[in-house]
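Engineer:
Numbering (this note's numbering), first residue to last: 104 to 407.
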């Protein structure tokens with residue numbers, strides 16, 4: 104199995120006629136993703152890479168049975184685009200846009216949650232269930248090289264670190280059930296612990312690896328879920344950004360959400376908290392597969 108997406112996922116791409124939408128659609132089709140429709144207002148009747156374009160998401164869903172949406176939408180159109188997809192019945196949405204205004208982000212997240220939909224993002228490069236489906240540009244032009252199929256779930260606040268973790272797993276003889284780049288903005292569709300609870304319920308995921316940073320309550324919520332018994336599978340945590348503790352509070356480094364507001368926001372505090380909760384905290388990528396060998400069986404031959 105996997106979480107959120109699989110072979111049955113039927114994808115509509117909002118903004119498919121734009122440069123990024125076209126580029127990622129072409130690579131996703133080459134990977135075997137079932138992209139059934141695109142949407143750009145006023146461009147209905149066209150086609151991109153053989154994919155029919157509609158004027159509205161509702162038209163696309165009614166005509167093709169799409170159940171997941173990828174959004175390549177300008178900043179100020181994100182809220183309305185999310186609401187449009189949710190109201191059309193899409194249950195998984197990937198919003199790639201970064202720095203979405205907070206009031207727009209909150210409204211979009213609320214709309215998705217109220218409809219029981221999973222909104223991934225904002226500021227994400229995607230989600231991938233290797234060999235089954237992917238949403239967004241995750242994996243580039245050769246996802247198999249970085250994301251081999253396996254039984255480890257990955258949730259990262261960084262798109263680049265999703266790839267680094269998955270590649271480290273591959274070098275150690277492990278593969279990925281699903282990798283989620285959850286988004287680097289201050290407001291995201293779901294929390295890290297919510298994704299981990301999906302992995303906890305997935306019979307084909309043996310353990311989870313998370314990548315955390317300074318700022319936000321995501322890592323503390325993971326610790327709470329472990330202590331409360333909602334997460335019993337092994338959780339391996341890599342938390343970067345201790346260097347930020349040498350700088351004044353309130354300064355973002357990298358992702359806008361990577362900001363230290365108080366002592367609990369620091370990488371050092373998060374590492375201590377996760378370790379005390381029962382997570383397996385590592386200091387480097389290479390430690391991840393080494394630690395996993397004592398927890399769960401390998402699933403593939405190590406990559407060179």
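We put the CB at the ideal spot given by N, CA and C, even for glycine.
Mapping DSSP to helix, strand and coil, what is residue 326?
Structural biologist: helix
Engineer: If you draw a straight line from the C-alpha of residue 390 to the C-alpha of residue 338, how long is it?
Structural biologist: 13 Å
Engineer: With DSSP run on the structure shown, which of helix, strand or coil describes residue 358?
Structural biologist: coil
Engineer: Could you tell me whether the Cβ atoms of residue 161 and residue 191 are closer together than 7 Å?
Structural biologist: yes
Engineer: How would you label residue 131, buried or exposed, when you count the other beta carbons within 10 angstroms and need 16 or more for buried?
Structural biologist: buried
Engineer: How far does the alpha helix (DSSP H) with residue 376 in it reach, from first residue to last?
Structural biologist: 370 to 380
Engineer: Measure the C-alpha to C-alpha separation of residue 323 and residue 293 and round it to an integer number of angstroms.
Structural biologist: 14 Å
Engineer: Would DSSP call residue 231 helix, strand or coil?
Structural biologist: strand
Engineer: Give me the Cα-Cα distance between residue 168 and residue 193, rounded to the nearest whole angstrom.
Structural biologist: If I take the Cα positions, the gap works out to 9 Å.
Engineer: Could you work out which residue in 298, 247 and 366 is closest to residue 319 when comparing CA atoms only?
Structural biologist: 366
Engineer: Spatial neighbours of residue 238 within its chain, please: CB distance less than 7 Å, with the 5 preceding and 5 following residues excluded, ordered by chain position.
Structural biologist: 108, 114, 171, 173, 197, 229 and 230
Engineer: What first and last residue would you give for the alpha helix (DSSP H) that runs through residue 395?
Structural biologist: Residues 390 to 395.
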